[in-house]
C-alpha cells in the first residue's frame, strides 16, 4: 500500500483522524492555540510538525514544554492565556483530559494506550484507543500534514527521528512496525543516507545487535541526549526547551555522515558540549548493570532488576544492557526493570524488554496507579508506555524509596500471571 493510499484509507476508517484533520483545516488567521508536546524526542518532533502545520493555516500557536508526562489541571491553568484550542501531543490519552473541556476545546494527538477511563468530550486521534497499535506521535503528526498536503522533506525527516527515538522503527535491524510501513517504505527510498547501515560506534538503540548502526540512529540518539530523553536533565536548566528550539531551527539535508549533521546545527558549541558530556557519562556505565538480578519469569521471558542511586542515562544505558541480558536469559526474551533514586528524592522505574508476554506499559501504569492510590498527586506521579518500553516516576511526591519498591513488588505478580 502506498502512503497516499494509507492516508486515504485512514480518512475513511478513523473518525479521530478525520476530526483532527478537520479541526486543523478550520483554523484561520488570528486563532490562538496552546500546544503542549511531550518533552521526549517523539513529542518534540511531533510538536514542531504540529506547530508548523497549524501556523501554516494562520493560527497563532504558543508551545509550552513541561518536564512532566501527563498534563495536570494546575499546569494547564498556569499556562492558559485565553487560547480557545489546546493541543496535547504525546502526553497520554488520559480520561481526566475531558475535565479540561470547560476551559477550552481540547485536542489530543497521542499513541499511548488510554489510561484512567475513556475520553468522550475532547477530540482524540489515537490508533491505540480500541486496540494497541505501535506507532509514534511524530508519525501521526506527519499523517496530519500529509492529509492537508503540507508534508515536505523536513516533515519526513522530523517524523523519522521521532519514530526511531520511540522505537517504532529500527533501520539497523530492518524492523518497522506495521502501522508505519507505508510511510517508512517510501521515506527509506527517498533518504537512503539516513537509513543505510554503517560500521560505527553503536548507539543506545543497538539493543538486538552491536555491529552496525545508521545515521538516523545517531541523530535520534543525539536528540535523546539534547532533550534529556524526556526523563532527566543534566546539562542545561531548561534543556527540553533548548532541544525544541534547536529542532525548530534545524533544516534537512542529505548529510554524508554524523559529523556533517552536527555541523549543520544552530548552537553548535552548546549542543556539542552536551553530547560530549553524555559520551563521558555513557562510558562510565559500561559495567554498572552487570549487578542486576533475576526476579521473575513469564513463559520464556526472564525479568531482571536493578537498583541504583543517581544513575545518569539509566533508561538508555539499560536498553543497551538488554543485549547482554538476553544471553543471560538463555536465548529467551529479557525484561529489565531499573530503579533509580534521583537526587531530589524521586523514584524512577524504567522498564525495557526485548519482547515477550509482559506488557511493560501496563505494568508501569499499574505501578503508578497503586502509588497514586496511596499518595495522591496524579500528574506528579505518573506511569505508562508501550509493551517493550515504559516509565514510572514519583518526582516530588515524597514517596520513600522503600515504599515505592514495596508497591512495585506487590504489583509485579499480576503482570507475571
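Residue numbers (the working numbering): 8 to 424. Virtual Cβ for every residue (Gly too), placed ideally from N, Cα, C. Source: prediction; values computed, not measured.
- In the DSSP assignment, residue 365 is bridged to no other residue.
- For residue 205, DSSP records a beta bridge to 220.
- Comparing alpha-carbon positions, the option among 180, 149, 24, 155 lying closest to residue 168 turns out to be 149.
- Bounds of any alpha helix (DSSP H) do not take in residue 38, whose DSSP letter is neither H nor E.
- Counting only runs of at least 3 residues, the stretch 132–193 fully encloses no beta strand (DSSP E) element at all.
- Put simply, of 384, 350, 346, 351 the residue whose alpha carbon is nearest the alpha carbon of residue 371 is 346.
- Rounded to the nearest whole angstrom, the C-alpha separation of residue 177 and residue 183 is 6 Å.
- According to DSSP, residue 385 shares a beta bridge with 388.
- 386 is the residue among 424, 16, 212, 386 whose C-alpha sits nearest the C-alpha of residue 102.
- When the alpha-carbon of residue 263 is set against those of 279, 257, 234, 223, the nearest one is in 223.
- Using a Cβ distance threshold of 9 Å, residue 296 and residue 256 do not count as a contacting pair.
- By the Cβ criterion, the stretch 150–167 is in contact with the stretch 183–197, since at least three pairs of Cβ atoms, one from each stretch, lie closer than 8 Å.
- With a 10 Å radius around the Cβ and a threshold of 16 neighbouring Cβ atoms, residue 114 comes out buried.
- DSSP places residue 126 outside both helix and strand once states are collapsed to three, so it counts as coil.
- Remark: three or more beta-carbon pairs, one from each stretch, lie closer than 8 Å, so the stretch 316–331 and the stretch 358–373 are flagged as touching.
- Around the Cβ of residue 48, a 10 Å sphere holds 16 or more other Cβ atoms; the residue is buried.
- Going by C-alpha positions, residue 62 is about 12 Å away from residue 41.
- Cβ-Cβ distances below 7 Å link residue 206 to 219 in the same chain, with the five nearest sequence neighbours on each side left out; the list follows chain order.
- Nearest Cα to residue 70 within the set 160, 331, 51: 51.
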